[in-house]
Each structure stands twice: as C-alpha cells, then as structure tokens.
C-alpha cells in the first residue's frame with residue numbers, strides 16, 4: 049500500500065519554508081510523497097449602497113497565477129534538494145484551517161510553520177493552533193532549531209493506557225537514529241494541591257517506567273531515558289525542548305495532562321518550544 053502523503057501548509061513565508069524542509073527530510077526517511085498546499089479565502093466586499101454595481105472580486109487570475117508560481121518554485125527547490133521524494137502542489141479556495149483538517153483525514157502527517165505572512169493573509173500562526181486541535185493525523189509545528197544529535201522528547205500522561213504519543217515518539221526516534229526521553233510532570237499533594245492517585249515520586253517513576261518498557265521490545269535500537277519532574281507540564285516540556293530535536297504531545301490524558309491539547313500545555317509549547325512540536329491525536333477517544 050502506498051505511503052499516505054505528508055501535507056505542508058505553505059504560504060511562502062520563512063516559517064513555511066522551514067516547515068517544507070522538515071517535511072522533505074521526513075519524507076526522505078519514510079518514502080511518503082509531499083504536497084505543498086496553499087489554502088486561502090479571497091476577501092469579499094460589498095458597498096454600503098446595494099444599488100451601486102461593482103465587479104466581482106473573485107476570481108482574481110493574477111493572484112491565482114502568483115500563488116501557483118510560488119508553489120511551483122517551492123516544489124522545484126524541494127525536488128532539487130530531495131530528488132527521491134515525490135512532490136506535488138495544491139491551491140484551495142477556502143479557509144486554511146478547515147481545508148487542512150479535511151485533508152488530514154487522508155494524510156500521514158500535516159506539517160506547519162509557527163507563523164506566516166503573505167499578501168493573501170496569514171496561513172499559519174493561529175492556523176497551527178486550530179489544525180493541531182482538530183486534525184485526523186499527527187501535526188508537526190516547526191519552530192526553533194532541530195539538532196539531529198538531540199533526543200526526541202515525549203510528554204507522558206499518568207493514565208493506564210499507552211498514549212499514541214509514545215508510539216509516534218518511538219517511531220520518530222528509531223527513524224532518526226537517536227534516543228528517546230520520556231517526561232512526566234506531576235504536582236505532589238499538599239500545599240493546597242489536590243490529591244493524586246499516586247502520591248509518591250517513586251511510584252510515579254515506577255509507573256512511567258512501566259509505560260515506557262511496554263515499547264522497548266518493539267524498538268530495541270532506541271536508547272530510552274525517563275524522568276518524573278515536579279511542576280506543570282507546560283514549563284517542563286518547554287524546558288526539555290531546549291535539548292531536543294522534537295517534542296511529542298498527546299491529545300488525551302488524565303491528572304496533570306488532562307485536556308492537554310485544549311489547555312495551556314499545547315498553547316505554551318506551540319509558542320515557546322525551542323524545537324519542532326508534534327501533536328498526536330488519539331482518534332479512538334476523539
């Protein structure tokens with residue numbers, strides 16, 4: 049079965065170009081085709097006096113040609129730098145968030161820059177937040193640096209089921225030939241904090257180790273370390289991103305990680321991570 053494509057939200061901005069490079073490197077490792085997608089809505093306008101005739105502002109052939117030319121130049125550069133990767137382009141005349149969410153249902157990965165600036169409006173920035181929250185496949189938001197010698201970091205919740213984030217993180221670490229660091233943040237009971245099911249750091253460490261160990265046999269080549277830290281997950285993972293090439297987050301969790309994607313953790317990471325961030329959805333519980 050052919051590999052599902054990697055979709056890149058592309059608007060020609062420096063961050064979009066960084067996202068394209070990240071996606072091309074990923075495609076070279078996996079064999080997936082890449083599609084550069086520019087989605088935008090043409091602004092509509094009508095005069096205050098409905099009786100005044102005005103020409104329809106859409107379609108605008110000149111803007112359409114400019115966008116297609118931008119995408120083709122980006123695709124040509126990508127084919128030159130990664131000759132083994134199949135690259136295509138696509139223009140969608142609709143909102144970027146809804147377009148990318150819809151197309152994510154048939155993709156293996158959606159890759160976005162952290163922000164964008166174009167004549168037809170910003171594709172990225174707030175789009176990265178919306179797509180990350182509702183996509184049907186993992187979403188990578190490319191920001192900061194990606195040191196190939198650094199490990200992959202995964203945020204682990206304290207539920208009894210293994211989150212899809214662990215599977216994605218192990219797969220990424222194996223493909224990149226690097227280590228994996230599993231981080232779990234918790235707030236000890238007391239001092240006004242609510243009680244937790246696991247009340248000692250030693251128990252937290254044992255639980256984290258058990259979750260990670262469940263994946264070691266499937267990925268024996270990946271060197272794994274795990275760490276329980278005290279504090280809120282947002283700051284713990286932001287700090288961990290300083291020495292990581294990718295930070296992986298799950299969308300569901302309990303305890304300190306509950307509401308990960310809809311709460312402050314993902315928002316904080318998407319704005320403050322020092323490296324790319326992958327948001328992995330648990331579709332079984334979506």
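In my numbering, the protein residues as written are 49 to 334. All C-beta atoms, glycine included, are put in the ideal place defined by N, C-alpha and C.
Item, Value
"Can you tell me the Cα-Cα spacing of residue 301 and residue 112, whole angstroms?", "Note that residue 301 scores 37 on pLDDT, short of 50, meaning its location in the model is unreliable and no value can be drawn from it."
"Beta-carbon within less than 6 Å of residue 136's beta-carbon, same chain only, minus the 5 sequence neighbours each way: which residues are those?", "83"
"Less than 8 Å between the beta carbons of residue 322 and residue 275, yes or no?", "no"
"Would you tell me roughly how many angstroms separate the C-alpha atoms of residue 285 and residue 265, rounded to the nearest one?", "26 Å"
"Mind pulling the beta strand (DSSP E) runs of 3 or more residues that sit fully within the stretch 212-290?", "228-234 and 272-278"
"By Cβ distance below 7 Å, which residues in the same chain neighbour residue 49 in space, the five residues on each side in sequence not counted?", "Residue confidence for residue 49 is low, a pLDDT of 49 falling below 50, so the modelled location carries little weight; the figure read from the coordinates is stated next. Correct list: empty, nothing qualifies."
"Is the beta carbon of residue 133 closer than 8 Å to that of residue 86?", "no"
"Select from 178, 161, 156 and 163 the residue whose C-alpha is nearest the C-alpha of residue 147.", "178"
"Considering only residues of the same chain and omitting the five flanking positions on each side of residue 79, which have a CB-CB separation below 6 Å?", "51"
"Look at the alpha carbon of residue 215 and the alpha carbon of residue 108, and state the distance between them as a whole number of angstroms.", "45 Å"
"Please classify residue 76: does DSSP put it in a helix, a strand, or coil?", "helix"
"Return the residue from the list 330, 218 and 283 that minimises the CA-CA distance to residue 234.", "283"
"On the DSSP letters alone, give me the boundaries of the beta strand (DSSP E) that residue 138 sits inside.", "135-140"
"Please return the same chain residues whose Cβ sits closer than 8 Å to the Cβ of residue 115, not counting the five positions on each side in sequence.", "86, 88, 139 and 168"
"Write down the C-beta distance between residue 296 and residue 200 rounded to the nearest angstrom, noting that I regard them as a contact closer than 8 Å.", "7 Å"
"Looking at the secondary structure, which residues open and close the beta strand (DSSP E) in which residue 189 lies?", "187-190"
"Taking the C-alpha atoms as reference points, what is the distance between residue 317 and residue 270?", "25 Å"
"Using a Cβ-Cβ cutoff of less than 7 Å, which residues in the same chain neighbour residue 182 once the five nearest sequence positions on both sides are dropped?", "149"
"Does the distance between the C-beta of residue 87 and the nearest non-hydrogen atom of the ligand NAP fall short of 7 Å?", "Of ligands this structure carries none, so the ligand NAP is not represented either."
"Taking residue 117 as part of the alpha helix (DSSP H), name the residues at either end of that continuous run.", "109-129"
"Helix or strand or just coil, what does DSSP make of residue 143?", "coil"
"Name, in chain order, the residues that DSSP records as bridge partners for residue 326.", "188 and 296"
"Check the C-beta distance from residue 175 over to residue 160 and give it rounded, since I have them as a contact under 8 Å.", "7 Å"
"Is residue 68 helix, strand or coil when you go by DSSP?", "helix"
"Exposed or buried, what is residue 128 when buried is set at 16 or more other beta-carbons lying within 10 Å of its beta-carbon?", "exposed"
"Consult DSSP for residue 174 and reduce its assignment to one of helix, strand or coil.", "helix"
"Using alpha carbons as the reference points, say which of 220, 324, 56 and 66 lies closest to residue 152.", "56"
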